[in-house]
Amino acid sequence: MPKKIGTNSKAEAARERKTAIEAEKKEKEAREKEEHFWREAEGAKSRAARKKEEEAEKRAEASARRAENRRLAEAEQRQLEIESRKPDKKAARVSLVPVPKVTGADLERRRRWRGFRGRRRRRKSRVAEEEYERTVLVANTNRNEAVVEAHSVEEALAKMNVSDALPPDRHPERRLKASFKEFNIGFRNSNISR
1 MPKKIGTNSK
11 AEAARERKTA
21 IEAEKKEKEA
31 REKEEHFWRE
41 AEGAKSRAAR
51 KKEEEAEKRA
61 EASARRAENR
71 RLAEAEQRQL
81 EIESRKPDKK
91 AARVSLVPVP
101 KVTGADLERR
111 RRWRGFRGRR
121 RRRKSRVAEE
131 EYERTVLVAN
141 TNRNEAVVEA
151 HSVEEALAKM
161 NVSDALPPDR
171 HPERRLKASF
181 KEFNIGFRNS
191 NISR
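The sequence shown begins at 1 in UniProt numbering and counts up by one.
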């Protein structure tokens, strides 16, 4: 068989791919060297700068979120306004009888009519009114008049009646002994009856 003359297209494509990959690799190494050089040159500043950049990014994201939320709220508000302007379909289906306008003269006429009708009722309800008054006009037993109401100690002392007419107690120990004796007698009697 004779020798083929010409070039192998597949082999050439493979060589081209190989050279492109090698060129990319060299370019990547050069970029990494340059970045490494600048990182070393910046030193401690790079951390602070990165932190500032991160904070700026966070603020930008937060403001973007706020703007988006504001835009959504405004859109929702506009939608609600549009819906509120639309007539209610259910109300259109139900036929409401319009309420007639009531004038001052009509109100006065109604009052007179009620008064006229009320005179007849009063005769019948006199017994009921008397009974009602008896039940309503009962003394309030919830309020004890003996209780002193005061907002301060001085006011309470001023309202209290301390009788100075009592003689001074000359023998409190005798009174104490007698009250204790009465207590014991009452205690015994209550135990015996049980």
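A virtual CB, placed ideally from N, CA and C, is assigned to each residue, including glycine. Here the structure is a predicted model, which means the values were calculated and not measured.
Item: My output table needs one value for His171: the three-state DSSP class, helix, strand or coil.; Value: coil
Item: In terms of residues, what are the limits of the alpha helix (DSSP H) holding Lys25?; Value: 9-42
Item: Locate the alpha helix (DSSP H) running through Leu137, then write down its first and last residues.; Value: Looking at the DSSP string, Leu137 is not in any alpha helix (DSSP H), and its letter there is neither H nor E.
Item: Using the Cα positions of Lys10 and Ala23, report the straight-line distance between them to the nearest angstrom.; Value: 20 Å
Item: Report yes if the CB atom of Met160 is closer than 8 Å to the CB atom of Val148, and no otherwise.; Value: yes
Item: Using the three-state DSSP reduction, which class does Gly6 fall into: helix, strand or coil?; Value: coil
Item: Assuming Glu155 is part of the alpha helix (DSSP H), what are its boundary residues?; Value: 153-159
Item: Out of curiosity, what's the CA-to-CA distance linking Gly115 and Lys101?; Value: 23 Å
Item: With DSSP collapsed to three states, give me the class of residue 195.; Value: The question about residue 195 has no answer here: the residues shown for the chain are numbered 1 through 194.
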